[in-house]
Amino acid sequence: MKDTVLVTGGTGFIGSHTTVELQQAGYNVVIVDNLSNSNADVLDGIEKITGIRPAFEKVDCCDMKALEAVFEKYNGIKGIIHFAASKAVGESVEKPLMYYRNNLNSLINLLELMPKYGVKGIIFSSSCTVYGQPDAENLPVTESAPIKKAESPYGNTKQVNEEIIQDYVNSGAPIKSIILRYFNPIGSHPTAYIGELPNGVPANLIPYLTQTAAGIRECLTVFGDNYNTPDGSCIRDYIYVVDLAKAHVCAMARILDGKAEEPVEIFNIGTGHGVSVLELINSFERATGVKLNYKIGERRAGDIEAIWGNVDKANKVLGWSANTPLDEVLLSAWNWQKHLVK
Ligand code: UFG
Numbered sequence: 291m292k293d294t295v296l297v298t299g300g301t302g303f304i305g306s307h308t309t310v311e312l313q314q315a316g317y318n319v320v321i322v323d324n325l326s327n328s329n330a331d332v333l334d335g336i337e338k339i340t341g342i343r344p345a346f347e348k349v350d351c352c353d354m355k356a357l358e359a360v361f362e363k364y365n366g367i368k369g370i371i372h373f374a375a376s377k378a379v380g381e382s383v384e385k386p387l388m389y390y391r392n393n394l395n396s397l398i399n400l401l402e403l404m405p406k407y408g409v410k411g412i413i414f415s416s417s418c419t420v421y422g423q424p425d426a427e428n429l430p431v432t433e434s435a436p437i438k439k440a441e442s443p444y445g446n447t448k449q450v451n452e453e454i455i456q457d458y459v460n461s462g463a464p465i466k467s468i469i470l471r472y473f474n475p476i477g478s479h480p481t482a483y484i485g486e487l488p489n490g491v492p493a494n495l496i497p498y499l500t501q502t503a504a505g506i507r508e509c510l511t512v513f514g515d516n517y518n519t520p521d522g523s524c525i526r527d528y529i530y531v532v533d534l535a536k537a538h539v540c541a542m543a544r545i546l547d548g549k550a551e552e553p554v555e556i557f558n559i560g561t562g563h564g565v566s567v568l569e570l571i572n573s574f575e576r577a578t579g580v581k582l583n584y585k586i587g588e589r590r591a592g593d594i595e596a597i598w599g600n601v602d603k604a605n606k607v608l609g610w611s612a613n614t615p616l617d618e619v620l621l622s623a624w625n626w627q628k629h630l631v632k
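Positions 291 to 632 (the working numbering) are the ones given, in order, by the sequence shown.
So this is what it looks like as structure tokens:
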């Protein structure tokens, strides 16, 4: 058995897939999650896939006392992967203080506890949202592209959290950190035992698309086809959640095996390819054989026209790459949707 890793937000979409990959790589996982946007049944799905039920504590990372009790109970936590956060862009505009309180306090609490409990490193979930709309000459965007002023309180919490980590490590704290900037995570585990569980009407493309294909929503609206892109719809870098989960295992091993060269390292985690909304719909129809009801609508306020990542650094330094073909990824999302409807 390898080291023990604390996964905050481990019952969420990316957290649950990462827990599976960590367990399959031999790590012992302890999950903390306040279940504010997830469900403890996810633990059953993880157990069905890996044969191991991860330790679970229903704890809010903002609750310092309860969080410290977790470190006391599971003596010997060596690494943390910090997913737990509020993540709805629109909601963050309406409830900024909730976003700043949740997303900043939870990280600060974890960082404060790390030296006391001998935790060596923390992997932080950041986002390509920190780049805003990169200038055309900066696409695909590298880690050294300029950070743009955040478009939302949610985006700002990612930027400020990156700075908090840098400042804390620079102050001489005896920890290391790897910041992963995700592009657009999609898809579900190939077993369909775990997947994305959005609350209410989905704001993101894939759950809205699969719910439309399943007849739960009438029609998918493509938000604009008059952008300055080849087919006029927006371009993103859609990364398979299982590939993304594996990037965390590589990053954790890099820290725990003492291979990290800098105290804080930053990696883009994407495929390196941009795909438009219309291309993605075509790919979904091809992969699943399901005809999708969609229409072209107005642009969505605040949308970025085109962004995709340069992932050379992650490929070379982490020895990781995202290889799953988009059709297969979309089929996994569809299989999960069918599993939910059952
Ligand atoms: N889209 C549609 N119709 C929909 C939903 C989305 O056409 O019903 C389009 C959007 O306009 C966009 C693309 O699909 O072009 C992807 O949209 P998502 O909402 O799925 O994802 P975003 O790229 O807007 O945002 C995501 C996360 C944010 C994060 C951001 C950058 O939702 O949390 O990536 O990291 F900040």
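Note that the Cβ used here is the ideal one computed from N, Cα and C, for glycine as well.
Check: Going along the chain, which unbroken runs of the alpha helix (DSSP H) with 4 or more residues stay wholly within the stretch 340-412?; Outcome: 354-363, 379-384 and 386-406
Check: Output yes or no for whether 8 angstroms exceeds the beta carbon distance between Ile571 and Val531.; Outcome: no
Check: Assuming Tyr364 contacts Thr308 under a Cβ cut-off of 8 angstroms, what Cβ separation, rounded to an integer in Å, is found between them?; Outcome: Contact flag wrong, Cβ pair sits at about 17 angstroms.
Check: Got a sec: does the ligand UFG put a non-hydrogen atom nearer than 7 angstroms to the Cβ of Ala493?; Outcome: yes
Check: What beta strand (DSSP E) runs, 3 residues minimum, are completely inside the stretch 461-511?; Outcome: 466-472 and 474-476
Check: Does the contact criterion of 3 or more C-beta pairs under 8 angstroms hold for the stretch 504-514 versus the stretch 571-590?; Outcome: yes
Check: Out of Val450, Tyr390, Leu487 and Val360, state which residue places its alpha-carbon closest to the alpha-carbon of Thr301.; Outcome: Leu487
Check: Answer with buried or exposed for Gly564, where buried requires no fewer than 16 other C-beta atoms within 10 angstroms of its C-beta.; Outcome: buried
Check: Are Glu595 and Thr519 closer than 8 angstroms when you measure CB to CB?; Outcome: yes
Check: Are the CB atoms of Trp598 and Leu470 within a distance shorter than 8 angstroms?; Outcome: no
Check: Might you give, ordered along the chain, the residues of its own chain that have their beta carbon closer than 7 angstroms to the beta carbon of Asn327, omitting 5 neighbours on each side?; Outcome: Gly302 and Asn489
Check: Does the beta-carbon of Pro424 have 16 or more other beta-carbons within 10 angstroms, so that it is buried, or is it exposed?; Outcome: buried
Check: Would you mind sorting Glu555 into buried or exposed? The rule is 16 or more other CB atoms within 10 Å of its CB.; Outcome: buried
Check: Relative to the C-alpha of Phe414, which candidate in Ser382, Ala426, Glu452 and Thr432 has its C-alpha closest?; Outcome: Glu452
Check: With a cut-off of 8 angstroms on the beta carbons, I'd call Ile465 and Ile412 a contact; round off their distance for me.; Outcome: 7 angstroms
Check: Mind checking whether the beta-carbon of Tyr498 lies closer than 7 angstroms to any heavy atom of the ligand UFG?; Outcome: yes
Check: Roughly how many angstroms separate the alpha carbons of Glu381 and Gly369, rounded to a whole number?; Outcome: 31 angstroms
Check: The ligand UFG heavy atoms versus the CB of Lys438: any closer than 7 angstroms?; Outcome: no
Check: Assign Leu312 to one of two classes, buried (16 or more other C-beta atoms within 10 Å of its C-beta) or exposed (fewer than that).; Outcome: buried
Check: Is the beta carbon of Leu510 within less than 7 angstroms of some heavy atom of the ligand UFG?; Outcome: yes
Check: Give me the residue from Pro405, Glu552, Val310 and Leu568 with the minimum Cα distance to Gly522.; Outcome: Leu568
Check: What residues are listed by DSSP as bridge partners for Asp602?; Outcome: DSSP lists no partner for Asp602.
Check: Grab me the residues of Ser478's own chain with a C-beta within less than 6 angstroms of its C-beta, minus the 5 sequence neighbours each way, in chain order.; Outcome: Gly485, Ser622, Ala623 and Trp626
Check: In this structure, how does DSSP classify Ile597 when only helix, strand and coil are distinguished?; Outcome: coil
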